[in-house]
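Read left to right, the sequence shown gives residues 1 to 335 (UniProt numbering).
Cβ coordinates follow ideal geometry from the N, Cα and C atoms, glycine included.
The structure presented is a predicted model; accordingly, all values stated were derived computationally and were not measured.
Data block below; observations after.
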Amino acid sequence: MTFNVTPVNDAPTAQDNSVTINEDSSYTFAVADFGFNDIDTGDTLQSVKITTMPTTGSLTLNGSAVSANQSIAAADLGNLVFTPTANASGNSYASIGFTVSDGTAESAAQSISVNVTPVTDTPVITVNNDVYSSLTLDTELIANGDFSVASDWSLNNTVDILNGQLSFSGAQGPNDGIAEQNFTSHPDVNYSLSLSYATSGATTAQSGLVELIDAGSGTVLASQTINTNTGTQQTLNMSFTGIAIGEVTLRISDTSSVTDSVDLRIDNISIQADSAANNHIPIGVGVFAQEDQPIAVDLSTVNADTDGSETLNIQLTGIPAGVQISDGINAITST
């Protein structure tokens, strides 16, 4: 007796699988990812059906969105791409259900789990450079007064106060015949200096030098010479820009060595901020406040990763010793 067995196509099988990618990258599938196996000799993978769509991220074929129960030819599996949401990560981040087919029969449904490894992103910190406490500009830094006394002025040897004016009677050396006064300016503010000068009445020529100097570094901010042989007052005008640290020295020097009855007289000295009409200081980039007043520093940060894989810390550097920093509840003093 002979038995003939008619072949019947057996359904192929598939295997669960998992793949791992880094945050903000994509995974391109291959035939091997679907674990196709068929007991029937000669049967090969013909297609894959996506039975369950991922609930997060995107699944595309040749750049177009894949839909549930879409069948994808085995030859096209290299164009099947999964892309997680930007900055998202996690184990078992997404799951994709599928079946495989040998062209006749279809396997039971299996799944591919996608793990996304977090990658540290550079955080963004924003400093509001326009944060400052209101400032009132001292628009007149030096006023002439009546020069009845040498208040606030440093006078060297041949400089006196006569008839309400600075009187220079002839320098006797390089450090002689100098009048100085220090004052505090505001950074990046433009100032104007004006003064009157004349001789004490005769026609003998007199000369001088007016300088504005960074008292700390010795840098000359502005300078202008004086030359006159008349008792009629003339006006000198010059400008300079304020400095951020320390004081500015106004120095008036006698550069004439003639010692006679004729003096160089200086009067009507005034230094004013050019923004006096608006009575304000152009802040620019930086944070400023009045002395002994707190400064509110407006800092904001953005963590690109919202999946809980990262935490942010703010580190403050370059803080002068003795400065107190407070968040309104806790306070520390810089050392």
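Quick check: residue 256 and residue 264, are their CB atoms within less than 8 Å of each other?
Result yes, Cβ atoms of residue 256 and residue 264 sit closer than 8 Å.
Express the C-alpha separation of residue 17 and residue 33 in angstroms, rounding to a whole number.
Computed Cα separation, rounded: 7 Å.
So residue 268 is in the beta strand (DSSP E); what residue range does that whole segment cover?
264-273
Under 6 Å Cβ to Cβ from residue 227, same chain only, skipping five residues before and after it: list those, please.
Result list for residue 227: 207, in chain order.
Only counting the same chain, and skipping five residues up and downstream in sequence, which positions put a Cβ closer than 7 Å to that of residue 78?
28, 30
So residue 212 and residue 155 are supposed to be a Cβ contact under 8 Å. How far apart are they, rounded?
So it is not a contact: roughly 18 Å between Cβ atoms.
Have a look at 169, 64, 115 and flag the residue whose alpha-carbon is nearest the alpha-carbon of residue 201.
Ranking the options by Cα distance to residue 201, first place goes to 169.
Below 8 Å, can you find three or more Cβ-Cβ pairs linking the stretch 80-96 to the stretch 56-66?
yes
For residue 34, name the three-state secondary structure that DSSP assigns.
helix
Taking Cβ positions, are residue 50 and residue 69 nearer each other than 8 Å?
yes
Within the same chain, show all residues whose beta-carbon is closer than 6 Å to that of residue 153, passing over the 5 residues directly before and after it, in chain order.
Contacts found: 179, 181.
Taking the continuous beta strand (DSSP E) assigned at residue 1, which residues delimit it?
Neither: residue 1 is in no beta strand (DSSP E) and is coded neither H nor E.
Have a look at 72, 35, 89 and flag the residue whose alpha-carbon is nearest the alpha-carbon of residue 111.
35
Put residue 14 into one of helix, strand or coil per three-state DSSP.
Coil at residue 14, not helix or strand.
Quick check on this structure: which residue in 197, 186, 189, 183 has the alpha carbon closest to the alpha carbon of residue 166?
197
Determine the burial state of residue 164: buried for a count of at least 16 other Cβ atoms within 10 Å of its Cβ, exposed for fewer.
With fewer than 16 other Cβ atoms within 10 Å, it is exposed.
Rounded to whole angstroms, what is the Cα-Cα separation between residue 100 and residue 90?
Answer to the nearest angstrom: the Cα atoms are 27 Å apart.
Thinking residue 242 and residue 159 are a contact (beta carbons under 8 Å), I'd like their distance in whole angstroms, please.
Their Cβ separation, rounded to whole angstroms, is 26 Å, which puts residue 242 and residue 159 out of contact at 8 Å.
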